[in-house]
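Q:
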Amino acid sequence: MKIQYASDLHLEFRENSCLLRDDPLSVSGEVLVLAGDIGYIGDENYSRHPFWDWASENYREVIVIPGNHEFYKMFDIDKLYNGWSLKIRENIPCHYNSVISLDEDTDLIATTLWSHIPLQDAYVTESAITDFRRIRHGSEPLDYTRFNDEHSRCLRFLKQGVMQSTAGHIIVATHHVPSFELMAAEFRGSPLNGAFTVELGDFIADSPVEYWIYGHSHRNINKVIGHTRCICNQLGYVSGNEHLSFDREAHISI
1 MKIQYASDLH
11 LEFRENSCLL
21 RDDPLSVSGE
31 VLVLAGDIGY
41 IGDENYSRHP
51 FWDWASENYR
61 EVIVIPGNHE
71 FYKMFDIDKL
81 YNGWSLKIRE
91 NIPCHYNSVI
101 SLDEDTDLIA
111 TTLWSHIPLQ
121 DAYVTESAIT
131 DFRRIRHGSE
141 PLDYTRFNDE
151 HSRCLRFLKQ
161 GVMQSTAGHI
171 IVATHHVPSF
181 ELMAAEFRGS
191 PLNGAFTVEL
201 GDFIADSPVE
211 YWIYGHSHRN
221 INKVIGHTRC
231 ICNQLGYVSG
241 NEHLSFDREA
251 HISI
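Just so we're aligned, residue 1 is where the sequence shown starts under UniProt numbering, counting upward by one.
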């Protein structure tokens, strides 16, 4: 089985939508995994976007893992739960904290994996990061404590999913970056890193996970941690030329 992967398509931006319309993905797998930041699920135009029609026709299944941008129309994250899903097309679900059997011996563990914001960086992070103005919990704007609570829930789900899987092939797909080993040098030392990356290097190295697909950073860095291949294929913001390393046919073979 071939699994194609990408993230951070950001279809909410015209430049990104036009690029993928004029030069679409080169179909290289039966399944397409999209690791977050595809668009705003609270926008009525999200499910109407022609990209979904194209993807539905060209893949057996497309699995979307929501990123932070999916919730940018003031989505209430208190409504999320393990196993939450949204049907975009008949063969295109958006899954939050779910284990999906891709075949009889391959599990995909899908979670946004919100990162963790240290207390000392909380004020500057809340001031600088758009999540805290575009996402809510209940009637309140998202704050760092609720952000960190969601990290804890995702991490518990992830560890349990890996531990309980009996599949011969385990793939993890997260939106947020799972190790500072995958961070671009330009971001090292930033007080905002807690909103992007969480250090799970030891967990990854000791795990049976074969592939770990991630996104969020808009920097494509692939690295083996332990026996796990950590891979990404992020389009990023076309207006900022972040798409130049995007691979239209990136895939893995199981």
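Even glycine gets a Cβ: it sits at the ideal position worked out from N, Cα and C.
From the DSSP output, in three-state form, read off Ala250 for me.
A: As a position in the sequence shown, residue 250 is number 250, starting the count at 1. Ala250: coil per DSSP, three-state reduction.
Q: Please classify Cys94 as buried or exposed, where buried requires at least 16 neighbouring CB atoms within 10 angstroms.
A: Translated into the one-based positions of the sequence shown, residue 94 becomes position 94. It counts as buried.
Q: Rounded to a whole number of angstroms, what is the C-alpha to C-alpha distance between Ala184 and Asn82?
A: Within the sequence shown, the letter at position 184 stands for residue 184. Within the sequence shown, the letter at position 82 stands for residue 82. Distance between the alpha carbons of Ala184 and Asn82 is about 31 Å.
Q: Using only alpha-carbon positions, find the residue among Trp54, Gly201, Ile63 that is nearest to Val177.
A: Counting from one through the sequence shown, the residue named residue 177 turns up at place 177. Per the Cα distances, Gly201.
Q: Quick test of the definition: if touching needs 3 or more C-beta pairs under 8 Å, does the region 211-219 touch the region 229-246?
A: Yes: the two stretches touch, three or more of their Cβ pairs being nearer than 8 Å.
Q: Quick one: complete alpha helix (DSSP H) runs, 4+ long, within the region 8-44?
A: List check, alpha helix (DSSP H) in window: 14-22.
Q: Which whole-angstrom value is the C-beta distance of Leu158 and Leu113, which I expect to be below 8 Å?
A: Reading the sequence shown from its first residue, position 158 is the one you call residue 158. Reading the sequence shown from its first residue, position 113 is the one you call residue 113. Correct: roughly 6 Å between the Cβ atoms.
Q: Would Thr197 and Ser115 be called neighbours here (beta carbons separated by less than 8 Å)?
A: Within the sequence shown, the letter at position 197 stands for residue 197. Within the sequence shown, the letter at position 115 stands for residue 115. Cβ distance < 8 Å, so Thr197 and Ser115 count as in contact.
Q: Which residue from Ser253, His251, Gln234, Ser239 puts its Cα closest to that of Ser245?
A: Taking the sequence shown and counting its residues from 1, the one referred to as residue 245 is at position 245. Among Ser253, His251, Gln234, Ser239, the Cα nearest to that of Ser245 belongs to Gln234.
Q: Could you check what DSSP says for Thr197 in three-state terms: helix, strand or coil?
A: Numbered from 1 along the sequence shown, position 197 holds the residue referred to as residue 197. The answer is strand: DSSP assigns Thr197 an E or B state.
Q: Identify whether Arg89 lies in helix, strand or coil by the three-state DSSP scheme.
A: The residue you call residue 89 lines up with position 89 of the sequence shown. Strand, per DSSP.
Q: Would you mind sorting Cys154 into buried or exposed? The rule is 16 or more other CB atoms within 10 Å of its CB.
A: Indexing the sequence shown from 1 puts residue 154 at position 154. Cys154 is buried by the Cβ-count criterion.
Q: Return yes when the C-beta of Asp143 is under 7 Å from any heavy atom of the ligand NAD, and no when it is not.
A: Among the components modelled here there is no ligand, and therefore nothing to report on the ligand NAD.
Q: Does DSSP classify Arg156 as helix, strand or coil?
A: Residue numbering aside, residue 156 sits at position 156 when the sequence shown is read from its first letter. Looking at Arg156 - three-state DSSP - the assignment turns out to be helix.
Q: Indicate whether Ala6 and Thr174 have their beta-carbon atoms separated by less than 8 Å.
A: Working through the sequence shown from its first residue, we reach residue 6 at position 6. Working through the sequence shown from its first residue, we reach residue 174 at position 174. Cβ atoms of Ala6 and Thr174: not closer than 8 Å.
Q: Quick check: the region 54-69 against the region 19-36, are there 3 or more CB pairs under 8 Å?
A: Touching, yes.
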